[in-house]
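Take a look at the structure below.
2 protein chains.
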Amino acid sequence: MPDADSAPFFPVFNEIGIIEQLSRALLEARLPKGLIAPHFSVLNHLIRVADGRTPVELARAFQVPKTSMTHTIAVLERHGLVDVRPNPNDGRSKCVWITDAGRRLRDGTIAALGPDFADLARGFDTARLAQILPVLTDLRVFLDRHRNAEPPRDRLLSK
Amino acid sequence: MPDADSAPFFPVFNEIGIIEQLSRALLEARLPKGLIAPHFSVLNHLIRVADGRTPVELARAFQVPKTSMTHTIAVLERHGLVDVRPNPNDGRSKCVWITDAGRRLRDGTIAALGPDFADLARGFDTARLAQILPVLTDLRVFLDRHRNAEPPRDRLLSK
DNA sequence: CCTATATAGTATGATATCGTACTTAACAGC
DNA sequence: GCTGTTAAGTACGATATCATACTATATAGG
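Heads up: the protein sequence lines correspond to chains A and B, in order. With our numbering, letter number 114 in the first sequence gets 127, and the count goes up by one each step, no holes. With our numbering, letter number 24 in the second sequence gets 37, and the count goes up by one each step, no holes.
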């Protein structure tokens, strides 16, 4: 039995890369000056997944080096969007909690994107998006689980 | 008739953002030290779309500010992967041509990714990828055409 | 306990990305 | 041609991202 055809990976990743750029531009157009997509993503993660995460947990979740996450959190803290407090369970660690201002910013951004998406929905059949969503989710889960197979650098993938 | 449901946009863009990060890590693990995804993307664009593009055309194609593209091209030129020559049709402009070394690097990177993709194909049904590819392509084309509707910043979208 | 190892976070410097402002060339209208 | 405007590229500084190296704490084995 021959191997499955791996040919679709390259074009799929290629299209996804371009769509990511364009959708990020949509998001950042609705964020206040000084904030970019990674800042919003962290706020969204704290609300959707779990509040009070440690910086390392956030770095793992986003597949970025911990030094990058430290910087992102510092910006959020400087804007009063998160509170960083000591981790009561680990003297080395800290916990990141979203503030009321952070929640308002996250919710307000999503609300501001509503009309943008509604506008897009008038020109693109969103039923097709709903169709591909399960595949994208499965692909994301699959890649996320198999990323540890070949740890690249200091992305906290070792072990 | 009610508006189409725009709800799928947010989760689809969310999954796409994560997949982009993971697939970029796969690519960069196969690039020589000092080169990252944007460098490869430019080389790939010169081969797949058209060689001899101007820096501004490349910046438009990738939706990045022209100053970012200037820097990316400078790195490629420093590595001998592209040649930058004056534009015979426009005294203000230049043209970027890929070199033999650039072609070898691009082809070799794709070749190196083959086993990675083959490995992924053993754990994920690539027929599902082939199914969603047309939707992703249509979405990319759609977003690309409608990005000029709301020009954000200095991404050369005006006009 | 004590020691070796692993982990969380930080400090630092290098590179990447981006916005603003500037120079120069092209071009349109007169 | 002259002039005002647009476009291509660059200079510069600010922020973001990242790798390396370091400090401090936790944890496992003895």
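Each residue gets a CB set at the ideal place from its N, CA and C atoms; glycine is no exception.
In the DSSP assignment, B/K46 falls outside any beta strand (DSSP E) and carries neither an H nor an E. At a Cβ-Cβ threshold of 8 Å, A/G115 and A/L56 count as neighbours. Our two residues, A/A50 and A/L35, have alpha carbons roughly 12 Å apart in a direct line. Of A/V154, A/P24, A/E41, A/D18, the smallest CA-CA separation from A/G121 is found for A/E41. Interface annotation, B/F23: in contact with chain A, CB-CB separation under 8 Å.
DSSP, reduced to helix, strand and coil, places B/R135 outside both helices and strands of the structure shown, so it counts as coil. What A/D157 touches in chain B, judged by beta-carbon distance under 8 Å, is I31, L35, going in chain order.
Taking 8 Å as the upper bound for CB-CB distance, A/I29 and B/E33 are in contact here, some 5 Å apart. For the pair B/I31 and A/R66, the CB atoms are not nearer than the 8 Å cut-off. For the pair of segments examined, the segment 97-106 of chain A was found not to touch the segment 71-78 of chain A: the number of CB pairs separated by less than 8 Å stays below three.
Within the segment 55-142 of chain B, the runs of alpha helix (DSSP H) that reach at least 4 residues and sit entirely inside it are, in chain order, 68-75, 79-91, 113-134.
Here B/L133 is not near A/V25, since their CB atoms are 8 Å or more apart. DSSP places B/A38 within a helical segment (H, G or I) once states are collapsed to three. Taking C-beta atoms under 8 Å as the contact rule, B/V88 and B/H58 fail to qualify, at a distance of about 15 Å. Counting only the Cα atoms, B/F155 lies some 8 Å from A/G136. Listed along chain A, the residues sitting closer than 8 Å to B/G136 by beta-carbon distance are F155, H159. For A/E90, none of the residues of chain B pass the 8 Å Cβ criterion, the least Cβ distance being about 23 Å.
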